[in-house]
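The structure under discussion appears below in the form of structure tokens.
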Amino acid sequence: MALPINIDELINGHTVEWERIEFKEGFNKESIIHSICAFANDINNWGGGYIVVGIKEDNGRPMLPPVGVEVNQIDKIQKELLNMCNMIKPKYFPIVEPVLYEKRHIIIIWTPGGQVRPYKAPKLLAKDNKEHLYYIRRFSNTVVANDDDERELYSLVGNIPFDDRIAHKADIMDLKLPLIQAYLYEVKSELYEESSKMKFEQLCRQMQIVDGADEYLKPRNVGLLLFNDNPQTFIPYSQIEIVKFEEGPADDILDEKIFKGPIHQQIRDALTYIRNVIIQEKVRKVPNKAEAIRMFNYPYVALEESIVNAMYHRDYEIREPVEIRIHKDKIEILSYPGPDKSIKNTDIEKGQIVSRRYKNRRIGEFLKELKLTEGRSTGIPKIRRAMKNNGSPEPIFETDDDRTFFLTILPINKVFLNEVNDEVNDEVNDEVNDDIFSNTELKILELCKKEPVSRSAILSALGYEKLVGSVRKSYNRLLDKKLIEYTIPEKQKSKNQKYRITKEGLSILGKQKKS
Numbered sequence: 004m005a006l007p008i009n010i011d012e013l014i015n016g017h018t019v020e021w022e023r024i025e026f027k028e029g030f031n032k033e034s035i036i037h038s039i040c041a042f043a044n045d046i047n048n049w050g051g052g053y054i055v056v057g058i059k060e061d062n063g064r065p066m067l068p069p070v071g072v073e074v075n076q077i078d079k080i081q082k083e084l085l086n087m088c089n090m091i092k093p094k095y096f097p098i099v100e101p102v103l104y105e106k107r108h109i110i111i112i113w114t115p116g117g118q119v120r121p122y123k124a125p126k127l128l129a130k131d132n133k134e135h136l137y138y139i140r141r142f143s144n145t146v147v148a149n150d151d152d153e154r155e156l157y158s159l160v161g162n163i164p165f166d167d168r169i170a171h172k173a174d175i176m177d178l179k180l181p182l183i184q185a186y187l188y189e190v191k192s193e194l195y196e197e198s199s200k201m202k203f204e205q206l207c208r209q210m211q212i213v214d215g216a217d218e219y220l221k222p223r224n225v226g227l228l229l230f231n232d233n234p235q236t237f238i239p240y241s242q243i244e245i246v247k248f249e250e251g252p253a254d255d256i257l258d259e260k261i262f263k264g265p266i267h268q269q270i271r272d273a274l275t276y277i278r279n280v281i282i283q284e285k286v287r288k289v290p291n292k293a294e295a296i297r298m299f300n301y302p303y304v305a306l307e308e309s310i311v312n313a314m315y316h317r318d319y320e321i322r323e324p325v326e327i328r329i330h331k332d333k334i335e336i337l338s339y340p341g342p343d344k345s346i347k348n349t350d351i352e353k354g355q356i357v358s359r360r361y362k363n364r365r366i367g368e369f370l371k372e373l374k375l376t377e378g379r380s381t382g383i384p385k386i387r388r389a390m391k392n393n394g395s396p397e398p399i400f401e402t403d404d405d406r407t408f409f410l411t412i413l414p415i416n417k418v419f420l421n422e423v424n425d426e427v428n429d430e431v432n433d434e435v436n437d438d439i440f441s442n443t444e445l446k447i448l449e450l451c452k453k454e455p456v457s458r459s460a461i462l463s464a465l466g467y468e469k470l471v472g473s474v475r476k477s478y479n480r481l482l483d484k485k486l487i488e489y490t491i492p493e494k495q496k497s498k499n500q501k502y503r504i505t506k507e508g509l510s511i512l513g514k515q516k517k518s
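All residue numbers for the sequence shown refer to our numbering, where the first residue is 4 and numbers rise by one.
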């Protein structure tokens, strides 16, 4: 039975961190049972790991092509694995999948974090061995837990991360097959082809999104968050809310959007809204240089990482949404709670936030497969780098002493506040074209380019149900500048009214593409 991931990307470390992958040239029983135990203990809430049998390793990296496993040994190895896992206390059984990879047979042992940790494994597999030890992962190695590690493991008894817990108030039929299949298709999992032929319960077990006996099979929270049309029914406020202020938080709200549904779709919908409505681009010509300077009020990458981080690291037991506040001079992304108390305030201010233990151990696994995040501790460095490359002020990261919240503040690029610093003035020609068009305006122009389009069709393409203030401003500006025009100018409120692009509008689009 196939695994719910892309095998090639797994083996090449694209979607799973190297620390969570162990390559074995051969079937070394003791080494493998110790690593199974270590991944099951999942002391850092990283989500367990993968053991790949049949591939040599060099400093933790795979040496390809695989050496492979003989076909006549696969069944024997699976039976031995079953016997070995019966020796783990309490018993733990990973998911084992033989795979044909680069014309060689290999065996992948998927070992998610266990539900009843801590686990012990026999030190030796000799018949007279009675000694069982706790094993954990330390960086890329499996090691015997020391006294401090054992105390930490015991502190995790019954403390399963929220996303991996059973949702007792939900039913397996609350998981939607079309959403599961859409995910498997997108990540190019071989399980997609099998999903329509197998029992739904079996598919969900294979993906580790359900738990319990056959007579009481229930979804895990991660399954509801990703594969239910409205997870907010079961996990209140598991949503993103965007509030756009006219001037400041004390002033009128110009626009408000609430994004619900599967969390990965929420992230994408929120980013689409921000790209279309909020992000603006400015192009400035530099004397004696062929290329112009392109800058944005907010770099998309910084916003993407900030929002994904907030949805990944928030506590879904806290009934508060991820809130995105858009002001004239900054964007704030607020989530609950804050970073672990072991991280110093000075490190938080510097954006040096490396959490040892994650609140959610399964969500990141799915977001990485969907290419929405890269891995542990990469988000904040990417935010800082994106802001710097855009010429924006440094991002600000805030929390309180009790770590009840985490606030990311992205200041606007000062060029968009007409506060151009001396360094930019030295580089940029004084004769600057100040015409700035938002992504919403450019999108409207593109929509009107091929043929006349109705207002409702434009709103639908932009992701709106009705005409809100920010989009109305875009319409009016394009009409005022004669970049679009009515098809029935004498009856502007006609139900058959549409919009078409003008020659001036086509010229603007052409200039944007050239720059």
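Where is the CB? At the ideal position from N, CA and C, for every residue including glycine.
- Taking a cut-off of 8 Å on C-beta distances, the segment 144-152 does not touch the segment 93-103, as fewer than three cross pairs fall below it.
- In this structure, the straight-line span from the alpha carbon of Y301 to that of G394 is close to 10 Å.
- Short of 6 Å from the beta carbon of R328, and not among the five residues preceding or following it, lie these beta carbons of its own chain, in chain order: V246, E335.
- In the structure shown, D150 falls within a helical segment according to DSSP collapsed to helix, strand and coil.
- When beta bridges are read from the DSSP output, M298 appears opposite K285.
- Around the Cβ of Y186, a 10 Å sphere holds 16 or more other Cβ atoms; the residue is buried.
- Taking the Cα positions, F237 is about 10 Å away from D177.
- Here the C-alpha atom of K362 lies approximately 32 Å from the C-alpha atom of P101.
- Ranked by how close their Cα comes to the Cα of Q209, the residues I504, I511, I183 have I183 in first place.
- Per DSSP, reduced to three states, the secondary structure at I270 is helical.
- DSSP places S441 in the strand class (E or B) of the three-state scheme.
- A straight line joining the alpha-carbon of Y53 with that of I112 spans about 6 Å.
- Annotation for T349: the continuous alpha helix (DSSP H) segment containing it runs 348-352.
- For M314, the secondary structure class from DSSP, reduced to helix, strand or coil, is helix.
- With fewer than 16 neighbouring CB atoms inside 10 Å of its own CB, I261 falls in the exposed class.
- In this chain, the beta strand (DSSP E) harbouring I327 covers 325-329.
- By the Cβ criterion, the segment 312-327 is not in contact with the segment 479-497, since fewer than three pairs of Cβ atoms, one from each stretch, lie closer than 8 Å.
- Taking the CA atoms as reference points, V70 sits about 21 Å from A5.
- Judged by DSSP in its simplified three-state form, S457 adopts coil rather than helix or strand.
- Here S143 is near G63, since their CB atoms are less than 8 Å apart.
- Contact between P239 and K333 does not hold, since their C-beta atoms are separated by about 29 Å, which reaches or exceeds 8 Å.
- Counting the other Cβ atoms within 10 Å of the Cβ of G50 gives 16 or more, which makes it buried.
- The criterion of a C-beta distance shorter than 8 Å is satisfied by K452 and L512.
- When DSSP reads this structure, M66 sits in a beta bridge with K59.
- When the beta-carbon positions are compared, T145 and A43 stay at least 8 Å from each other.
- Counting other Cβ atoms within 10 Å of its Cβ, L85 stays below 16 and is therefore classed as exposed.
- Here S459 is not near D258, since their CB atoms are 8 Å or more apart.
- Bounds of any beta strand (DSSP E) do not take in L228; it lies within the alpha helix (DSSP H) bounded by 224-230.
- Cα atoms of G161 and Y467: separation of roughly 44 Å, rounded to the nearest angstrom.
- Taking 8 Å as the cut-off, the beta carbon of F409 is found no closer than this to the beta carbon of S358.
- In this structure, the CA atom of I35 is about 52 Å from the CA atom of A464.
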